[in-house]
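As structure tokens, the structure follows; a few thoughts come after it.
2 protein chains.
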Amino acid sequence: MTERPRPGSARPGGRTARTRAAVLAAALDELDEVGFAALTLDRLAARSGVHVSTIRRRWRSVEGVVVDLMAQHSATIPTPDSGEFRQDLYELAEAIAGFHALPRSRNLVEAMVAAAAYDPHIAELVRGAFMARTDVVTQIVHRAVERSEVPPDTDAYEVIAALSAPFYYRLLILRRDIDERLVRTSAEAAYRAACGGVFGGGE
Amino acid sequence: MTERPRPGSARPGGRTARTRAAVLAAALDELDEVGFAALTLDRLAARSGVHVSTIRRRWRSVEGVVVDLMAQHSATIPTPDSGEFRQDLYELAEAIAGFHALPRSRNLVEAMVAAAAYDPHIAELVRGAFMARTDVVTQIVHRAVERSEVPPDTDAYEVIAALSAPFYYRLLILRRDIDERLVRTSAEAAYRAACGGVFGGGE
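Structure below.
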């Protein structure tokens with residue numbers, strides 16, 4: 001992601017943004033119709049009307065496009081701001097559960113994790129996409145610190161990781177569906193640990 | 001795993017056990033030398049001296065062998081029994097961290113998760129291997145219930161999943177190394193949630 005301009009960054013609302021929108025829309029349609037395993041840059045080019053060399057220059061690979069699609073999607077999810085830390089964590093857990101309730105999203109995450117196992121560049125893209133999303137939602141923790149709900153030295157990234165991890169463990173390792181109980185236990189466990197100073201202070 | 005006899009179950013210590021030992025040892029050597037992506041049943045047959053049709057009948061696929069290898073490995077990890085719930089959870093977290101500290105183990109898990117994304121049979125094998133291991137270590141929670149350290153209606157599987165999840169999130173999603181701080185925060189967060197009744201009672 002550091003080796004090329006960020007997709008859509010050159011001329012917001014202009015041709016760059018339109019190109020990105022067309023390619024990501026084509027990727028979404030292709031994922032629904034043929035799935036990730038059958039996705040190719042040529043198919044994306046044919047469907048989007050964007051030349052394949054343009055797609056390759058901007059995203060490098062099918063996986064690059066799909067990670068960008070994930071990033072675009074997660075940017076549309078609002079960050080909870082209820083005025084109360086516990087409620088914010090529950091809402092965030094609900095949002096994660098809601099995302100993974102869509103088979104399309106679940107397949108996407110699984111495909112990305114699988115592709116990352118074989119390609120360090122994709123691994124970096126996956127990491128970047130998750131970190132970008134985490135950056136945004138750490139606001140929940142920063143606001144909780146301001147309200148003195150959690151210790152000031154709380155590591156916000158660790159709180160978000162603690163809340164998120166059980167969902168990915170359920171999907172990728174236990175391979176079962178996410179349910180409401182997981183939403184509650186994940187949010188509650190992260191809440192209590194954070195309030196209790198478990199994520200404080202470094203060592 | 002339900003469609004065939006469990007590997008090694010027919011004649012413990014006999015030819016069945018020797019065959020299993022030879023194939024799993026060959027798999028371990030191959031993984032170290034050529035890696036998972038290059039592993040084939042023919043290579044396993046050549047290296048182990050076991051006929052390829054025997055391997056195919058018993059394990060069905062390379063992934064079947066590798067999952068059995070993981071199961072064999074995890075069966076050798078002792079279940080902590082310090083007499084204290086918190087200490088047991090810390091020791092379990094240390095054992096998980098120790099397992100993933102070996103690049104070979106990390107690659108194995110990653111390869112299994114990747115393979116599961118494309119093959120429901122492998123997904124079932126992965127799930128079965130993790131559940132078998134979890135079955136064993138839930139003893140930690142059962143003993144804590146007997147000592148009245150946690151509420152009697154605590155869901156032992158949820159406690160173990162809560163402790164384990166952050167390690168897989170770190171490796172597969174954030175794609176960073178596991179460190180001592182993760183051992184501590186994972187064990188402590190699971191401990192406090194379990195003692196506080198977060199995993200109690202169903203809904």
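Chains A and B, in that order, give the protein sequences.
Per my numbering, residue 1 is the first one in the first sequence, and the count goes up by one each step.
Per my numbering, residue 1 is the first one in the second sequence, and the count goes up by one each step.
We put the beta carbon where it would ideally sit given N, CA and C, even for glycine.
At the level of alpha carbons, what is the spacing between residue i and residue j?
i, j, result
"residue 154/A", "residue 196/A", "10 Å"
"residue 43/B", "residue 63/B", "13 Å"
"residue 137/A", "residue 79/A", "6 Å"
"residue 56/A", "residue 72/A", "18 Å"
"residue 15/B", "residue 25/B", "15 Å"
"residue 115/A", "residue 164/A", "21 Å"
"residue 120/B", "residue 150/B", "36 Å"
"residue 127/A", "residue 173/B", "6 Å"
"residue 23/A", "residue 50/A", "7 Å"
"residue 135/B", "residue 18/A", "52 Å"
"residue 129/A", "residue 75/A", "10 Å"
DSSP three-state call for residue i: helix, strand or coil?
i, result
"residue 134/A", "helix"
"residue 98/B", "helix"
"residue 154/A", "strand"
"residue 83/A", "coil"
"residue 196/B", "coil"
"residue 142/A", "helix"
"residue 105/A", "helix"
"residue 23/A", "helix"
"residue 149/B", "coil"
"residue 34/A", "coil"
"residue 54/A", "helix"
"residue 47/A", "helix"
Please name the residue in the options whose C-alpha comes closest to that of residue i.
i, options, result
"residue 171/B", "124/A, 39/A, 135/A, 133/A", "124/A"
"residue 69/B", "52/B, 133/B, 80/B", "133/B"
"residue 144/B", "86/B, 17/B, 130/B", "86/B"
"residue 166/A", "182/A, 89/A, 88/A", "182/A"
"residue 35/B", "49/B, 66/B, 22/B", "66/B"
"residue 39/B", "192/B, 27/B, 22/B", "27/B"
"residue 140/A", "84/A, 201/A, 45/A, 76/A", "84/A"
"residue 184/A", "88/A, 201/A, 48/A", "88/A"
"residue 131/B", "156/B, 54/B, 186/B", "156/B"
"residue 20/A", "168/A, 46/A, 58/A", "58/A"
Tell me, please, whether the CB atom of residue i is closer than 9 Å to any CB atom in chain B?
i, result
"residue 138/A", "no"
"residue 91/A", "no"
"residue 37/A", "yes"
"residue 113/A", "yes"
"residue 104/A", "no"
"residue 162/A", "yes"
Please find out if some non-hydrogen atom of the ligand ZN comes closer than 8 Å to the beta-carbon of residue i.
i, result
"residue 155/B", "With respect to the ligand ZN, the structure offers nothing, as it holds no ligand at all."
Check the Cβ-Cβ distances between residue i and every residue of chain A, and say whether any is below 9 Å.
i, result
"residue 196/B", "yes"
"residue 185/B", "yes"
"residue 166/B", "yes"
"residue 34/B", "no"
"residue 20/B", "no"
"residue 174/B", "yes"
"residue 63/B", "no"
"residue 94/B", "no"
Using a Cβ distance threshold of 8 Å, determine whether the region 93-113 of chain B contacts the region 147-162 of chain A, with at least three qualifying pairs required.
Pairwise C-beta distances place the region 93-113 of chain B out of contact with the region 147-162 of chain A, as fewer than three of them are shorter than 8 Å.
For the region 96-104 of chain B against the region 169-179 of chain B, are there 3 or more C-beta pairs whose distance is under 8 Å?
yes
Quick one: any contact between the region 80-97 of chain A and the region 15-31 of chain A, if contact means 3 or more CB pairs under 8 Å?
Touching, no.
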